[in-house]
Amino acid sequence: MPLPRSLLFWAVLIGHLTNDIFMSMGPVMLAFVGTHFLGANAAAIGLAISLREIIGATAQPFFGILTDRTGGRWLAALGVAWTALSMSAALVAALSANGLLTLIFYCSAALGSAAFHPVGTMYAANAQQNRSARNSSLFFLFGQIGLGTGPA
230 MPLPRSLLFW AVLIGHLTND IFMSMGPVML AFVGTHFLGA NAAAIGLAIS LREIIGATAQ
290 PFFGILTDRT GGRWLAALGV AWTALSMSAA LVAALSANGL LTLIFYCSAA LGSAAFHPVG
350 TMYAANAQQN RSARNSSLFF LFGQIGLGTG PA
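The numbering of the sequence shown is this note's numbering, which starts it at 230 and goes up by one.
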């Protein structure tokens, strides 16, 4: 099975892995710092996790429209960077015992992920026209590996 030689294809796969590692470590991180540094209960932590997922899910179609209009290459890089920086900022805010800032940064990470996914899917599928399903499955594989390893 010859794999694409496109650097963009591999950058998108690594970006997906990285993005989903940060997104999946979020609930574990929030559960730990929320209880130990913010005094949050399980209901508050669950609500924050749900809010972040809803924000990401509802924003993604808008980023898809923007990607269709602009090609979106810059959205992929900015999306991964935004996700990583937002999650890092959420951790710093939590360690500083600032619950509101933690929530803002934690939830804003979903916007970076929402920006990345439409672009990443498009570039992965289009890397080789006659292998779009295989390339998309590799894109999803790298995301699932990120989701599986992030909480660890």
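For every residue, glycine included, the Cβ atom is placed at its ideal position computed from N, Cα and C.
Contacting residues, own chain, Cβ-Cβ under 7 Å from residue i (five flanking each side not counted)
{"i": "Leu259", "result": "Ile274, Ala277, Ile278, Tyr335"}
{"i": "Gly292", "result": "Note on identity: in this sequence residue 292 is Phe, with Gly being the wrong assignment. Cβ within range, chain order: Leu304, Ala343, Ala344, Pro347."}
For residue j and residue i, the rounded distance between their alpha carbons
{"i": "Leu232", "j": "Val321", "result": "40 Å"}
{"i": "Gly285", "j": "Ser342", "result": "7 Å"}
{"i": "Ala353", "j": "Ile283", "result": "25 Å"}
{"i": "Arg360", "j": "Pro380", "result": "32 Å"}
{"i": "Pro256", "j": "Leu332", "result": "12 Å"}
{"i": "Gln357", "j": "Gln373", "result": "22 Å"}
Outcome for residue i when other beta-carbon atoms lying within 10 angstroms are tallied against a minimum of 16
{"i": "Ser317", "result": "exposed"}
{"i": "Phe371", "result": "buried"}
{"i": "Phe261", "result": "exposed"}
{"i": "Leu367", "result": "buried"}
{"i": "Asn364", "result": "buried"}
Cβ shell of residue i (< 8 Å), same chain only, five flanking positions each side left out
{"i": "Thr299", "result": "none"}
{"i": "Thr296", "result": "Leu304, Pro347, Val348, Met351"}
Delimiting residues of the alpha helix (DSSP H) encompassing residue i
{"i": "Leu340", "result": "328-355"}
{"i": "Leu237", "result": "236-265"}
{"i": "Ala323", "result": "302-324"}
{"i": "Arg298", "result": "271-299"}
Residues of its chain near residue i, where Cβ-Cβ distance is below 6 Å and the 5 sequence neighbours each way are ignored
{"i": "Leu376", "result": "Asp249, Ser253"}
{"i": "Thr312", "result": "Asn248, Phe251, Ala338, Gly341, Ser342"}
{"i": "Asn355", "result": "none"}
{"i": "Ala269", "result": "Gly263"}
beta-carbon residue i near the ligand COA non-hydrogen atom, thresh 7 Å
{"i": "Thr378", "result": "This structure lacks the ligand COA, and indeed carries no ligand of any kind."}
Below-8 Å beta-carbon distance, residue i vs any chain B residue
{"i": "Val309", "result": "Among the protein chains of the structure shown there is no chain B, as only one such chain exists."}
Quick one: any contact between the region 232-249 and the region 324-336, if contact means 3 or more CB pairs under 8 Å?
no
Cβ pair count under 8 Å reaching 3, the region 339-356 against the region 291-305:
yes
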